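Numbering (my numbering), first residue to last: -15 to 384.
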């Protein structure tokens, strides 16, 4: 370990409870509810998560509004624009910050690094593989596991080396997204829709058939973490950097940093998001994977400012923080719930409600969000960790 790695600024911020950073817990909860705001449209749309495979134009926030310029589709467009990629980027950044916290803990104990962390990454990869196979083709955990191993090693290198990797990664990522977007824009004949057989599968097919579909199309459905590997490396390292700068702390330094982050998110990220979202499906990659991370950085500032004003109290903050403390369970649970509610082997609401407008999807998001928050509060009153977090802790204790 290098000397600059063993002393993390803001390690014991004002307002920390039991050694935790309260803002990190709240942000994780916000990120889980935000990823739900993105995923709910996949589950509720024709063909479910098969839309990921076919690059369906339905993934674009304002596609429905162009076909039906009503108040419902406008609300959908605004809602999806706000969520598209933003909370995924935030969650990725927070994983990086969490990795830095674990590195700090190992350094304080004098433990070797990465050492046992490799087992944690392996557990995450296995969990992501199971989640992908049995629940949701858009799983992010597998990609996080791979990136975590790289970043864990980079934490043993110099700050200069990390910065070099960080900026090279994001530069290559932006260049790749720009090239793909240019190809889409210059191909006016291109259209992407989910084929009827995939729509039929998710509307009336069995659960086993859907699992088989995901396995049969494994490579195609796993293209997102491959294409965004550079972005994930950047966001992980940005999370490390922000944690060490004290951006999540409750002191004046942390508050000043969050004001700057808020300025970047609102001043640059939000206007660019509006432009790329309204531009149409051809600009989806730039919207989701280039502009959205800017807004995610602004969210840290926004949530931090709100938390400062409420002094970290109140039922909303408490509930969202509880969900953040069991974020892994919440992430998987939201997709399990949506799968049974929307797909044909469950309640089949995606097909039953298809002709009723778009408001029902917003209601579904609100209901599932409430279920996640209340369940987290009740669970943590009886147990110290969420179910998947407890399982991870038990497995890793034996692996050592």
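Backbone N, C-alpha and C define an ideal beta-carbon position, used for all residues, glycine too.
Computed from a predicted structure; not experimentally measured.
> Thinking just about the alpha-carbon of each residue, which of 346, 366, 372 is nearest to the one in residue 58?
Replying inline: What you label residue 58 is simply residue 74 of the chain shown in a count that begins at 1. If we check each option's Cα against that of residue 58, 346 comes out closest.
>> Here's a check: name, in chain order, each residue in its chain whose Cβ is nearer than 6 Å to the Cβ of residue 341, leaving out the five neighbours to either side.
In response: Position 357 of the chain shown, counted from the first residue, corresponds to residue 341. These residues qualify, in order along the chain: 56.
> Can you tell me the Cα-Cα spacing of residue -15 and residue 191, whole angstroms?
Replying inline: Here residue -15 corresponds to residue number 1 of the chain shown, with the count starting at 1. Here residue 191 corresponds to residue number 207 of the chain shown, with the count starting at 1. With a pLDDT of 34 at residue -15, under the threshold of 50, the modelled position of this residue cannot be trusted, and the question is left open.
> Taking residue 24 as the reference, which of 93, 323, 182, 113 has the closest Cα?
Replying inline: Looking up residue 24 in the chain shown gives position 40. The residue with the shortest Cα to Cα distance from residue 24 is 323.
>> Within a Cβ cutoff of 8 Å, which residues of the same chain sit near residue 84, ignoring the five residues on either side of it in sequence?
In response: Here residue 84 is taken as the residue at index 100 of the chain shown, counted from 1. So the qualifying residues of the chain are -8, 139, 223, 224, 227, 228.
> In terms of alpha-carbon separation, which member of 166, 111, 14 lies closest to residue 71?
Replying inline: Mapped onto the chain shown, residue 71 falls at position 87. Nearest C-alpha to residue 71: 14.
> Considering only the beta carbon of each residue, do residue 280 and residue 73 sit closer than 7 Å?
Replying inline: Taking the chain shown and counting its residues from 1, one reaches residue 280 at position 296. Taking the chain shown and counting its residues from 1, one reaches residue 73 at position 89. Going by C-beta atoms, residue 280 is nearer than 7 Å to residue 73.
>> Since residue 129 and residue 105 should fall inside the 8 Å C-beta cutoff, what is the C-beta to C-beta distance between them, to a whole number of angstroms?
In response: On the chain shown, residue 129 is found 145 positions in, with the first residue counted as 1. On the chain shown, residue 105 is found 121 positions in, with the first residue counted as 1. Between residue 129 and residue 105 a beta carbon distance of about 5 Å is seen, short of the 8 Å cut, so the two are scored as contacting.
> Taking all protein chains shown into account, do 16 or more other C-beta atoms lie within 10 angstroms of the C-beta of residue 203, making it buried, or fewer, making it exposed?
Replying inline: Along the chain shown, read from residue 1 onward, the residue named residue 203 stands at position 219. Under this definition residue 203 is an exposed residue.
> residue 257 lies in the alpha helix (DSSP H); which residues open and close that run?
Replying inline: Within the chain shown, the letter at position 273 stands for residue 257. It spans 254 to 263 - the alpha helix (DSSP H) in which residue 257 sits, taken as one unbroken run.
> So, helix, strand or coil for residue -7, using DSSP?
Replying inline: Here the question's residue -7 lines up with position 9 in the chain shown. Per-residue confidence for residue -7 stands at a pLDDT of 32, beneath the threshold of 50, marking its modelled position as unreliable; the derived number appears in the next sentence. Residue -7: coil per DSSP, three-state reduction.
> Among 258, 208, 358, which has the Cα closest to the Cα of residue 310?
Replying inline: Sequence index remark: in the chain shown, residue 310 carries index 326 (1-based). Answer by Cα proximity: 358.
> Looking only at its own chain, which residues have a Cβ that is under 8 Å from the Cβ of residue 199, when we skip the five neighbours before and after it?
Replying inline: Position 215 of the chain shown, counting from 1, holds the residue named residue 199. 117.
> Which residue comes first and which comes last in the alpha helix (DSSP H) that contains residue 219?
Replying inline: The sequence position of residue 219 within the chain shown is 235, counting from 1. Here the alpha helix (DSSP H) through residue 219 covers 213 to 229.
> Smallest Cα separation from residue 356: which of 370, 33, 377?
Replying inline: Numbered from its first residue, the chain shown carries residue 356 at position 372. Taking only the C-alpha atoms, the option nearest residue 356 is 370.
> Would you call the CB atoms of residue 319 and residue 135 closer than 7 Å?
Replying inline: Taking the first residue of the chain shown as position 1, residue 319 is located at position 335. Taking the first residue of the chain shown as position 1, residue 135 is located at position 151. Contact flag unset, no.
> Under a Cβ-count criterion, where at least 16 other Cβ atoms within 10 Å of its own Cβ denotes burial, should residue 111 be classed as buried or exposed?
Replying inline: Taking the chain shown and counting its residues from 1, one reaches residue 111 at position 127. Per the 10 Å Cβ criterion, buried.
> Does any residue of chain B bring its CB to less than 7 Å from the CB of residue 319?
Replying inline: Going by chain labels, chain B is absent from the structure shown, which holds only one protein chain.
> By Cβ distance below 7 Å, which residues in the same chain neighbour residue 171 in space, the five residues on each side in sequence not counted?
Replying inline: Taking the chain shown and counting its residues from 1, one reaches residue 171 at position 187. Result list for residue 171: empty, nothing under 7 Å.
>> Less than 7 Å between the beta carbons of residue 246 and residue 282, yes or no?
In response: Counting from one through the chain shown, the residue named residue 246 turns up at place 262. Counting from one through the chain shown, the residue named residue 282 turns up at place 298. Yes, Cβ-Cβ distance for residue 246 and residue 282 is below 7 Å.
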